[in-house]
Amino acid sequence: MNIQPSVKAIFFDFGGVITDSPFEAFNQFERGNKIPLDFIRKVNSINPNENAWAQFEKNQINLEQFDQLFSLESEKLGYKIAGKKIIQLLNGCIRPQMVSLVKRCKKKYITACLTNNIKPSSTTSSNSETANHKKIHQIFHHVIESSKIGVRKPEAAFYRHACTEVGVEPTSVIFLD
């Protein structure tokens, strides 16, 4: 694998790249509950820098607060959905072909996983899912998590932090999102 001599690092998004997209799980939930498709995405797209989702990913609120705020936000748009139900949909299946690609890239480039995530708790995922995700995180040189640094993608500060932590200039990075 030879990309370009100026490329020093390859950054990978986690959800939707290393794992299946959570949007698929959202749509399945919506179909099962007779809610219009992409409704959850619509809720998350309104006031995207300050809504319940953004605050939770930046670790500014806890699960109980997220549950209440997301419920209020979704109800304003016509369907009351408990935030805790949505959190249960986030753990997508790991894509083995992407794990293989990361391992190949790691031989020549600095690799980093960039993820908007939430602080793990016993109510957000099963122990086996958490263990599987931690195993996957170990294949990267670096893991940059929104819940730990207090900013999230697509905020420019998130990407600046990632480049600084990895020790590369933005112009020497490829980001797979």
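Counting in the numbering used here, the sequence shown runs from 7 upward without gaps.
C-beta: ideal position from N, C-alpha, C; glycine also.
Rounded separation between residue i and residue j - CA only
i      : j      : result
Lys109 : Ile100 : 14 angstroms
Ile124 : Phe62  : 6 angstroms
Gln66  : Ile155 : 11 angstroms
Ala118 : Ala60  : 22 angstroms
Ile180 : Phe72  : 33 angstroms
Ser12  : Tyr115 : 11 angstroms
Leu75  : His147 : 35 angstroms
Cys169 : Val149 : 12 angstroms
Lys90  : Ser152 : 19 angstroms
Residues bridged to residue i [DSSP beta-bridge criterion]
i      : result
Ile150 : Leu120
Val179 : Ala15
Ile100 : Thr25
Among the options, the one whose alpha carbon lies nearest that of residue i
i      : options                          : result
Ile142 : Pro11, Phe20 and Glu171          : Phe20
Phe35  : Ser152, Asn65 and Leu96          : Leu96
Ser106 : Pro11, Ile24, Tyr85 and Val13    : Ile24
Lys112 : Pro102, Gly38 and Phe17          : Phe17
Phe32  : His148, Asp44 and Gly22          : Asp44
Glu161 : Gln144, Thr121, His148 and Ala88 : Thr121
Lys14  : Leu182, Asp183 and Gly173        : Gly173
Asn39  : Pro28, Gly89 and Tyr85           : Tyr85
Glu175 : Arg166, Asp183 and Leu182        : Arg166
Asn55  : Phe164, Glu171 and Gly98         : Phe164
Ala58  : Leu182, Arg37, Ala88 and Phe29   : Ala88
beta-carbon residue i near the ligand SAH non-hydrogen atom, thresh 7 angstroms
i     : result
Leu78 : With respect to the ligand SAH, the structure offers nothing, as it holds no ligand at all.
Inter-stretch contact at 8 angstroms, needing at least 3 Cβ pairs: the segment 46 to 53 / the segment 74 to 82:
yes
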